[in-house]
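The structure appears below as C-alpha cells.
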Amino acid sequence: MKSILMVLLGFLISTYASANTNLFNEVVMNSIHDSGFNGSIVIGKQGAVIYQKYIGYSDKKNTDKLTVNHIFSPGSVGKEFTTVTIMQLVEQGRLSYSDKITKYLDWLPEEAEKVTVEHILTHTSGLPKIKWKRNINTADAVEQIKNSQLSFAPGEGYLYSNLNVVLRALIVEKVSGDSYSNYLKNSVFDVADMKSSYQQLTESDVSDFKVYGDYPTYLLGTTIYVTPVDLLKFENALWSGTLIQVDELKRVLDGERLSGKTNHAYFDFGKFYKDSQGKLVSWEHDGSNPNHHTLKFHDFISDYTIVIMSSDGNKETLYKIRDNLKSLIINKS
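Read in order, the letters of the sequence shown correspond to residues -19 to -1, 1 to 314 in mature numbering (1 follows the signal peptide of the UniProt record, and there is no 0).
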C-alpha cells in the first residue's frame, strides 16, 4: 500500500509541476530582466524537484552553458555542513556542546581555553575574522588561529568568523578519526544523495563542472561546492530527520541574542520566521563567495523550497526572484 501511495504522490507532484512550469518560467524571466543573471533556479515541493532553470554559462568566455551538473560555492550556506556534522557527533554521544575545544585541539592559544564547541557553532568564541588571501588553505587558517587574540571573552559577544568553521571541521576529524572530506561525504553527502558535491582541498582538486567566479581557497569546512539540486536534497534530508533529529534542529534555531539581527538562528543556519503562535513558518540562508551567490528558502506552510545560485555578482537578483516566486506560490496555495 505504501509503495502505491508513493507512486500516486509522485504522479500528482509531476502533474502539478508540468502544469506550473510556464508560470514559474514567466516569474523567473520577469525577475531577471536586464539584470545580467547567470545562474540556476530549482524549486522543490514535498521533497521532489518541480522546476529547474539554468540560465547563462559556467566559464568566463561564455561558451559552456550551465546545466544541472554545474556546481557553485554556496558561501555561508555551506557552513550548515560543519554545523550538521558536529550535531551528528553530539547525537552519537561522541562529544558535547559544552566541551572545551582544547580537549580536541592541543595547539590552540592560551586564550582559547574557555572556548567551547557551542561557542564555535554560534560565532561567540571571540575569534577574529579570517584574513583572506588567494589560495588560502587550512594550514594558513591554523596559523592565524594560533597567533590570534580573542576579541571578547567567549560567550560575551558575537563576531562572524570563518575561523570558527575551520575549527568545527578539525574537531570532526579528531573525534571521528577520519578526514573531514571523508566524513562529510559518508555522513552527509551520501546519506542525502548529494552526488555532485565535494570539499576542495587543493588547487589541482578542481571539478570540471565548477562555475567561474569564486575566490580560490582550500579550507576545511569552507571550500565546498554543490549543485542547486544537491542543496535541495540536503534541505530535504535535514527536515526529514535523515541527517539529524528534527526536534534538535528546531531547538538550535532559538536563543540567539548577541548578533543584534532579528530572527537570527542560534546555530549557523541563517534566519527563521515564526507566526504569532510560535509555529515555524519559514527559514532561509544566503551566502557569497565573492561573485557566487546562494539563497536557500524553505516555506513550511506550503512545503516549498527555493534554491537559487548565481555567479554574476548581483545578489539582489536572488531576493527578487525569491520574492516573486513566493508571491506566486502563496497565491496558488
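Glycine residues also receive a C-beta, built at the ideal position from the N, C-alpha and C atoms. Owing to the predicted nature of the structure, the values given are computational and were not obtained by experimental measurement.
Coarse secondary structure for residue i, derived from DSSP in three states
i, result
"residue 401", "Since the first and last residues shown for the chain are -19 and 314, residue 401 lies out of range."
"Val233", "coil"
"Gly56", "helix"
"Glu91", "helix"
"Leu261", "strand"
"residue 345", "This structure cannot settle anything about residue 345, because the visible part of the chain is limited to -19 through 314."
"Ile205", "strand"
"Tyr199", "strand"
"Gln125", "helix"
"Thr183", "coil"
"Lys191", "strand"
"Lys81", "strand"
"residue 318", "Residue coverage of the chain in this structure runs from -19 to 314, which leaves residue 318 outside it and unanswerable."
"Thr105", "coil"
"Met175", "coil"
"Met(-14)", "In this predicted model, Met(-14) has a pLDDT of only 47, less than 50, meaning its place in the structure is not dependable; the value taken from the coordinates is given anyway. Helix at Met(-14)."
"Leu86", "coil"
"Leu76", "coil"
"Ile111", "coil"
"Lys301", "helix"
"Ile13", "coil"
"Asn272", "coil"
"Leu(-8)", "Reliability fails at Leu(-8), whose pLDDT of 48 lies under 50, so the model's placement of it is uncertain and the value that follows must be treated cautiously. In the structure shown, Leu(-8) sits in a helix (DSSP, three-state: H, G or I)."
"Asn312", "helix"
Residue i versus residue j: straight-line alpha-carbon distance, rounded
i, j, result
"Gly202", "Asp189", "21 angstroms"
"Gln180", "Val123", "18 angstroms"
"Ala173", "Val227", "15 angstroms"
"Leu276", "Leu47", "18 angstroms"
"Gly268", "Leu299", "11 angstroms"
"Thr208", "Pro55", "9 angstroms"
"Ala93", "Asn145", "12 angstroms"
"Arg115", "Ile36", "28 angstroms"
"Phe215", "Phe281", "15 angstroms"
"Val131", "Lys110", "Here residue 131 is Leu; the residue named in the question, Val, does not match the sequence. So the alpha carbons of these two residues sit roughly 10 angstroms apart."
"Asn6", "Pro271", "27 angstroms"
"Ala134", "Gly259", "32 angstroms"
"His104", "Tyr141", "5 angstroms"
"Leu309", "Val23", "15 angstroms"
"Tyr85", "Ser77", "11 angstroms"
"Lys81", "Lys95", "6 angstroms"
"Asp186", "Ser12", "35 angstroms"
"residue 316", "Lys301", "Outside the shown range of the chain (-19 to 314) lies residue 316, about which nothing can therefore be said."
"Ser283", "Phe253", "16 angstroms"
"Asn118", "Leu182", "8 angstroms"
"Asn50", "Ser57", "21 angstroms"
"Gly222", "Lys42", "42 angstroms"
"Asn244", "Ile126", "29 angstroms"
"Ser257", "Met10", "35 angstroms"
Bridge-paired residues (DSSP) for residue i
i, result
"His266", "Lys277"
"Thr286", "Gly25, His279"
"Gly20", "Ile36, Ser291"
"Lys46", "Tyr38"
"Ile67", "BP columns for Ile67 are empty, so no partner."
"Thr97", "Lys81"
Any non-hydrogen atom of the ligand ADP closer than 7 angstroms to residue i Cβ
i, result
"Gly107", "As presented, the structure is devoid of all ligands, the ligand ADP included, so that no description of it is given."
**OP:** Count the CB pairs spanning the segment 295 to 309 and the segment 17 to 27 that are closer than 8 angstroms, and state whether there are at least three.
**Re:** Yes, the segment 295 to 309 is in contact with the segment 17 to 27.
Original post:
On the three-pair Cβ rule with 8 angstroms, is the segment 1 to 17 touching the segment 31 to 39?
Top reply: Judged by pairs of C-beta atoms under 8 angstroms, the segment 1 to 17 touches the segment 31 to 39, as three or more such pairs exist.
Subject >> Whole runs of the alpha helix (DSSP H) within the segment 132 to 173, excluding any shorter than 4 residues >> reply: Runs of the alpha helix (DSSP H) inside the segment 132 to 173: 143 to 157, 161 to 165.
**OP:** Counting only runs of 4+ residues fully inside the segment 208 to 259, write out the alpha helix (DSSP H) ranges in chain order.
**Re:** Fully enclosed alpha helix (DSSP H) runs of 4 or longer: 209 to 220, 227 to 232.
**OP:** Say whether the segment 247 to 266 touches the segment 154 to 168, bearing in mind that this needs 3 or more beta-carbon pairs closer than 8 angstroms, one atom from each stretch.
**Re:** No contact exists between the segment 247 to 266 and the segment 154 to 168.
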